[in-house]
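Single-structure report; data block below.
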Amino acid sequence: MATMAAPQRIPTVDDLRVKMCYICREEERYDNPEDPPRAWTHPCSCTLVAHESCLLQWIKAAQQDPAKVDNALKCPQCGATYELESDNPRILRALNAINSVLSAAGKAATVVGVVSLATSFGFTIYVVATSYGAFAVKEFLGEEMYNLLLTDDPNNWPWHAFIHLPIIPFSLVLSRTRLFDTFPIVPLFLTWSSSPPVRVPPSPSGASTSSLSSIWTWPRGTPVPYTPPISWPPTPLMAMILLPFVRTAYRHLFDKLTKYVMGTLPESRGAAGPIRRVIWALNDDGPGPLRVRIGANIQDANAQGAGAGAPAGGQANADANADNRGNEQDENVAAVAERTLRVTTSSLGRFIGGALLIPTISARMGTLLFRLSKHFSWLRAFLAIRDHPAPIPTAIRLYNGPPGSNVGLVKQIGSGLVAGLHIMTGGTPTWNAADPVWWRNAVGLGLFVFAKDCVSLLHLYLTKRELESRRVKSRSFAGVDIRELDLIDRPVHPETTGAGADA
Amino acid sequence: MSVSTRRLQKELTDIKRDGTPVGIELLSAEDFATWYLSVEVLGNTVYEGEKFALKFRFDNQYPISAPAVQFVVDDHYTAPVHPHVYSNGHICASILGSEWSPVLSVVSVCVTIQSMLASCKKKERPPDNDRYVSHAPENPKKTRWDFHDDK
Numbered sequence: 001m002a003t004m005a006a007p008q009r010i011p012t013v014d015d016l017r018v019k020m021c022y023i024c025r026e027e028e029r030y031d032n033p034e035d036p037p038r039a040w041t042h043p044c045s046c047t048l049v050a051h052e053s054c055l056l057q058w059i060k061a062a063q064q065d066p067a068k069v070d071n072a073l074k075c076p077q078c079g080a081t082y083e084l085e086s087d088n089p090r091i092l093r094a095l096n097a098i099n100s101v102l103s104a105a106g107k108a109a110t111v112v113g114v115v116s117l118a119t120s121f122g123f124t125i126y127v128v129a130t131s132y133g134a135f136a137v138k139e140f141l142g143e144e145m146y147n148l149l150l151t152d153d154p155n156n157w158p159w160h161a162f163i164h165l166p167i168i169p170f171s172l173v174l175s176r177t178r179l180f181d182t183f184p185i186v187p188l189f190l191t192w193s194s195s196p197p198v199r200v201p202p203s204p205s206g207a208s209t210s211s212l213s214s215i216w217t218w219p220r221g222t223p224v225p226y227t228p229p230i231s232w233p234p235t236p237l238m239a240m241i242l243l244p245f246v247r248t249a250y251r252h253l254f255d256k257l258t259k260y261v262m263g264t265l266p267e268s269r270g271a272a273g274p275i276r277r278v279i280w281a282l283n284d285d286g287p288g289p290l291r292v293r294i295g296a297n298i299q300d301a302n303a304q305g306a307g308a309g310a311p312a313g314g315q316a317n318a319d320a321n322a323d324n325r326g327n328e329q330d331e332n333v334a335a336v337a338e339r340t341l342r343v344t345t346s347s348l349g350r351f352i353g354g355a356l357l358i359p360t361i362s363a364r365m366g367t368l369l370f371r372l373s374k375h376f377s378w379l380r381a382f383l384a385i386r387d388h389p390a391p392i393p394t395a396i397r398l399y400n401g402p403p404g405s406n407v408g409l410v411k412q413i414g415s416g417l418v419a420g421l422h423i424m425t426g427g428t429p430t431w432n433a434a435d436p437v438w439w440r441n442a443v444g445l446g447l448f449v450f451a452k453d454c455v456s457l458l459h460l461y462l463t464k465r466e467l468e469s470r471r472v473k474s475r476s477f478a479g480v481d482i483r484e485l486d487l488i489d490r491p492v493h494p495e496t497t498g499a500g501a502d503a
Numbered sequence: 001m002s003v004s005t006r007r008l009q010k011e012l013t014d015i016k017r018d019g020t021p022v023g024i025e026l027l028s029a030e031d032f033a034t035w036y037l038s039v040e041v042l043g044n045t046v047y048e049g050e051k052f053a054l055k056f057r058f059d060n061q062y063p064i065s066a067p068a069v070q071f072v073v074d075d076h077y078t079a080p081v082h083p084h085v086y087s088n089g090h091i092c093a094s095i096l097g098s099e100w101s102p103v104l105s106v107v108s109v110c111v112t113i114q115s116m117l118a119s120c121k122k123k124e125r126p127p128d129n130d131r132y133v134s135h136a137p138e139n140p141k142k143t144r145w146d147f148h149d150d151k
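From first to last, the protein sequence lines stand for chains G and Y. Everything in the first sequence is counted per full-length UniProt numbering, starting at 1 for the first residue and increasing by one. Everything in the second sequence is counted per full-length UniProt numbering, starting at 1 for the first residue and increasing by one.
Shown next as structure tokens:
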């Protein structure tokens, strides 16, 4: 009876005498198991079997290629659909959905952008860019400073505004590229930190003083303050000088966090940096949506690959993968290029649209911080929010000091330097007296960037976990002619066994 | 040893042990990056008496990624005149692109191309041959094929 029970059970992949992976073509005999063992799976309705790891690798690679995605979960021989099981938490699905929406928005932004560019050549571009620049200044510096420094009426604008304002949108976009690794608010500060107000509130003494030279004028008889005041919040100029350091430190720390969360991440940020990051992101990337986000980076990598010629590009890929990806599948340049073409409209729109939203995001975050500060006194102190609005100094002179025509050249230069130091550390009276909207906006933007990075990292992590937790459901050989299979406990005569059961 | 090398090693062993199907010969397999095989269409076809050579290039992701396959065009060989074969040797065949599967092998690709030639009734180049050849990348895998669905 024992010998009869075996053939009645439907055999599975574990009952095969010799298993051959249809992907890597390696064989394993039942009496000579591999060490360490690798999981085998029979995922379809025919006789093909595979290592689970090989099959998952194939599925992952095929799902990343838009041309192959339809066949990724199909048996090439019998056409049966593979069943995947994985941890796909609700939050990952939500993040994927959000990402899809953003991609669609990015696509729309590209279309709108191209249309507006096409319809507004030359002067119109200048006007649009300038208007945007003014809008950005207003958003970022707040209504009060905007009305002091710029106002809605271009007649009041200082001459340099007509150069700097139209540059703002472009520098915002450039600041997002790896080329210009600067924090996006730098262009907003560059111009205005030492700028005198254009429109002085009505006052007895404030007249005809908005010329550049007036900044450096000391009223006679007043002492030059030789110790630069250290003020809180930091002056815009100080913030601008310190920002690259803060940013570098932040990137460094966040990279460490990413490395910790994801397990591996290349540490070097040298020339190979961007490419490696892209490859890494691609390899850990899920089937669809996330790849759009990294599309912009792929273009960089591609451009470099194209510049060095195709073999060099392939070599870069291989090098990038060699150390920490091991045998993980590489993306060949062609496949990457194909994908890049497909995501360009979306990623471009997200890239530029995201850059141009920075001032608005800063303003919203700043407002949020302002509201929060009503409940926390320490936040109020940190953001330097004034309880009672101070009167804005009516004169635009920065510091009171004595460089008159009667002092020597050396002394004039000396006091000039001191004044410059003052502006850097102590700011201008105008900026000091005004509500530091820019400060809470900058802090808000920083928090926003941090939050966004965290969400991206969470998305990446969940996607990676989903991929790692994937299992291909293994099926029995039900429906397959058992005589075609080389089983360990092979029924000697399946026909006679059936006859024996009848008897 | 990488997965691709091991897999190609096995394919090579199989070819040397079992031989290749009729009309297909291994010309050279000196390394695990580039192989050459010859293809002849036997019987009464438009390519009677012609012999073509196929060049296979493998990356280290083979068989997850498809090999780059093209006809050799040099002093000895030309590309067959076929509606899916460009004069530079590039082949527009779905199994080399979207229909590639790791279950396929060097020999099975050769057999598929052999039967593609065998079923051809009229020798003609693809309609966009000149335009494609003048702009084609060196590696056919970099072309985004629009597979003709007429077969």
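All residues carry an ideal CB built from backbone N, CA and C; glycine is no exception.
So that I know if they touch, is there some Cβ in chain Y lying closer than 8 Å to that of G/Trp-438? In the first sequence, residue 438 of chain G corresponds to position 438, counting from 1. Not one chain Y Cβ lies under 8 Å of G/Trp-438.
Can you pull the chain Y residues whose beta carbon is under 8 Å from the beta carbon of G/Tyr-250, in chain order? In the first sequence, the residue the question calls residue 250 of chain G occupies position 250. Residues of chain Y with a Cβ closer than 8 Å to the Cβ of G/Tyr-250 do not exist, since the nearest Cβ in that chain sits about 36 Å away.
Quick check: is the beta carbon of Y/Pro-63 nearer than 8 Å to any beta carbon in chain G? Taking the second sequence and counting its residues from 1, one reaches residue 63 of chain Y at position 63. Yes, Y/Pro-63 lies at the interface with chain G (some Cβ there is under 8 Å from its Cβ).
Closest residue to G/Leu-92 among G/Ser-469, G/Val-480, G/Leu-487, G/Thr-463 (Cα-Cα distance): Counted from its first residue, the first sequence places residue 92 of chain G at position 92. Looking at the Cα atoms, G/Thr-463 is the closest of the given residues.
Going by the CB atoms, is the gap between G/Ile-23 and G/Ala-62 shorter than 8 Å? Locating residue 62 of chain G in the first sequence gives position 62, counting from the first residue. Locating residue 23 of chain G in the first sequence gives position 23, counting from the first residue. Against a cut-off of 8 Å, the Cβ pair of G/Ile-23 and G/Ala-62 comes out as no contact.
From which residue to which residue does the beta strand (DSSP E) around G/Phe-170 run? For the purposes of this step, residue 170 of chain G is identified with residue 170 of the first sequence, where counting begins at 1. No beta strand (DSSP E) contains G/Phe-170, which is instead part of the alpha helix (DSSP H) from 161–174.
Can you tell me which of the three DSSP states G/Glu-143 falls into? For the purposes of this step, residue 143 of chain G is taken as the residue at position 143 of the first sequence. Three-state result, G/Glu-143: helix.
Against chain G, does Y/Gly-89 count as a neighbour if the rule is that its beta carbon must be under 8 Å from one of theirs? Residue numbering aside, residue 89 of chain Y sits at position 89 when the second sequence is read from its first letter. No - not a single Cβ of chain G is within 8 Å of the one on Y/Gly-89.
Check the C-beta distance from G/Ile-59 over to G/Ala-67 and give it rounded, since I have them as a contact under 8 Å. Residue mapping note: residue 59 of chain G aligns to position 59 of the first sequence, counting from 1. Residue mapping note: residue 67 of chain G aligns to position 67 of the first sequence, counting from 1. Not really, about 15 Å apart at Cβ, beyond 8 Å.
Please report whether the beta-carbon of Y/Val-3 lies at a distance below 8 Å from any beta-carbon of chain G. The residue given as residue 3 of chain Y occupies position 3 in the second sequence. By the rule that beta-carbons nearer than 8 Å mark a contact, Y/Val-3 touches chain G.
Would a check of beta-carbon distances place Y/Val-46 closer than 8 Å to chain G? The count along the second sequence starts at 1 and reaches residue 46 of chain Y at position 46. For Y/Val-46, the answer is no, since every Cβ of chain G falls outside 8 Å of its Cβ.
Heavy atom of the ligand ZN within 7 Å of Y/Gly-19 beta-carbon: In terms of ligand content, the structure shown is empty, and the ligand ZN therefore cannot be addressed.
Do the CB positions of G/Arg-440 and G/Gly-366 come within less than 8 Å of each other? If you number the first sequence from 1, residue 440 of chain G lands on position 440. If you number the first sequence from 1, residue 366 of chain G lands on position 366. Yes, Cβ-Cβ distance for G/Arg-440 and G/Gly-366 is below 8 Å.
I'd like to check one pair, Y/Gln-114 with Y/Val-46: are the Cβ atoms closer than 8 Å? Position 46 of the second sequence holds residue 46 of chain Y. Position 114 of the second sequence holds residue 114 of chain Y. For the 8 Å CB-CB criterion, Y/Val-46 and Y/Gln-114 do not form a contact.
Considering Cα atoms alone, identify which of Y/Ala-33, Y/Ile-91, Y/Val-109 is closest to Y/Asp-128. Mapped onto the second sequence, residue 128 of chain Y falls at position 128. For the options Y/Ala-33, Y/Ile-91, Y/Val-109, the alpha carbon positioned closest to that of Y/Asp-128 is the one of Y/Ile-91.
Using the Cα positions of Y/Ala-66 and Y/Lys-10, report the straight-line distance between them to the nearest angstrom. Here the question's residue 66 of chain Y lines up with position 66 in the second sequence. Here the question's residue 10 of chain Y lines up with position 10 in the second sequence. If you take the alpha carbons of Y/Ala-66 and Y/Lys-10, they lie about 17 Å apart.
I'd like the span of the beta strand (DSSP E) that includes G/Met-20, first residue to last. Translated into positions along the first sequence, residue 20 of chain G becomes position 20. Here the beta strand (DSSP E) through G/Met-20 covers 18–20.
Please tell me whether G/Tyr-260 has its Cβ less than 8 Å away from any Cβ of chain Y. Stepping through the first sequence from its first residue, residue 260 of chain G is reached at position 260. Under the 8 Å criterion on CB atoms, G/Tyr-260 is classed as non-interfacial with respect to chain Y.
Three Cβ pairs or more, each shorter than 8 Å: is that satisfied between the stretch 457–474 of chain G and the stretch 18–37 of chain G? Touching, no, given that fewer than three Cβ pairs across the two stretches are closer than 8 Å.
Is G/Arg-29 helix, strand or coil when you go by DSSP? As a working mapping, residue 29 of chain G is identified with position 29 in the first sequence. Strand, per DSSP.
Contact defined as beta carbons within less than 8 Å: I believe G/Ser-469 pairs with G/Ser-116. What is the distance between those atoms, to the nearest angstrom? Sequence index remark: in the first sequence, residue 469 of chain G carries index 469 (1-based). Sequence index remark: in the first sequence, residue 116 of chain G carries index 116 (1-based). Contact doesn't hold; Cβ gap of about 45 Å is too wide.
Give the secondary structure of G/Thr-248 by DSSP, where H, G and I count as helix, E and B as strand, and everything else as coil. As a first step, residue 248 of chain G must be located in the first sequence, where it is residue number 248. Looking at G/Thr-248 - three-state DSSP - the assignment turns out to be helix.
Simplified DSSP assignment, three categories, for Y/Tyr-36: Counted from its first residue, the second sequence places residue 36 of chain Y at position 36. In this structure, Y/Tyr-36 counts as strand in the three-state DSSP scheme.
Distance, G/Ser-45 Cα to G/Leu-56 Cα: The residue you call residue 56 of chain G lines up with position 56 of the first sequence. The residue you call residue 45 of chain G lines up with position 45 of the first sequence. G/Leu-56 and G/Ser-45 have their C-alpha atoms spaced approximately 18 Å apart.
Compare the Cα-Cα distances from G/Gly-142 to each of G/Ile-413, G/Ala-442, G/Phe-450 and report the closest residue. Taking the first residue of the first sequence as position 1, residue 142 of chain G is located at position 142. Closest option to G/Gly-142, Cα to Cα, is G/Ala-442.
Proximity test, Cβ basis, 8 Å: Y/Val-103 and chain G: For the purposes of this step, residue 103 of chain Y is taken as residue 103 along the second sequence, with counting starting at 1. By this cut-off, Y/Val-103 is an interface position.
Whole angstroms is fine: what's the gap from G/Pro-11's alpha carbon to G/Phe-477's? For the purposes of this step, residue 11 of chain G is taken as the residue at position 11 of the first sequence. For the purposes of this step, residue 477 of chain G is taken as the residue at position 477 of the first sequence. G/Pro-11 and G/Phe-477: Cα-Cα distance of roughly 6 Å.
Please classify Y/Leu-37 as buried or exposed, where buried requires at least 16 neighbouring CB atoms within 10 angstroms. Position 37 of the second sequence holds residue 37 of chain Y. That one is buried.
Y/Leu-8 - containing alpha helix (DSSP H), residue span: As a position in the second sequence, residue 8 of chain Y is number 8, starting the count at 1. DSSP places Y/Leu-8 in the uninterrupted alpha helix (DSSP H) bounded by 3–18.
Under 7 Å from the C-beta of G/Gln-57: neighbouring residues of chain Y: For the purposes of this step, residue 57 of chain G is taken as the residue at position 57 of the first sequence. Taking a Cβ-Cβ threshold of 7 Å, the residues of chain Y close to G/Gln-57 are Ile-64, in chain order.
Got a sec? Which residues, its chain only, sit under 7 Å from residue 206 of chain Y by beta carbon, not counting five neighbours each side? Residue 206 of chain Y falls outside the range modelled here, since chain Y spans only 1 to 151, and no answer is possible.
For G/Ala-109 and G/Phe-351, I'd like the C-alpha separation in whole angstroms. Working through the first sequence from its first residue, we reach residue 109 of chain G at position 109. Working through the first sequence from its first residue, we reach residue 351 of chain G at position 351. Going by the C-alpha atoms only, they are around 10 Å apart.
Measuring alpha carbon to alpha carbon, tell me which residue in Y/Ser-98, Y/Glu-48, Y/Val-106, Y/Lys-142 is nearest Y/Lys-122. As a first step, residue 122 of chain Y is located in the second sequence; it is residue number 122 there, counting from the start. With distances taken between Cα atoms, Y/Lys-122 lies closest to Y/Glu-48.
Measure the Cβ-Cβ separation of Y/Asn-88 and Y/Val-106 and say whether it is below 8 Å. Indexing the second sequence from 1 puts residue 88 of chain Y at position 88. Indexing the second sequence from 1 puts residue 106 of chain Y at position 106. No; because the gap between Cβ atoms is not below 8 Å, this pair is not in contact.
What number of angstroms, rounded off, separates the C-alpha of G/Glu-139 from the C-alpha of G/Pro-244? In the first sequence, residue 139 of chain G corresponds to position 139, counting from 1. In the first sequence, residue 244 of chain G corresponds to position 244, counting from 1. The straight-line gap from Cα to Cα measures roughly 22 Å.
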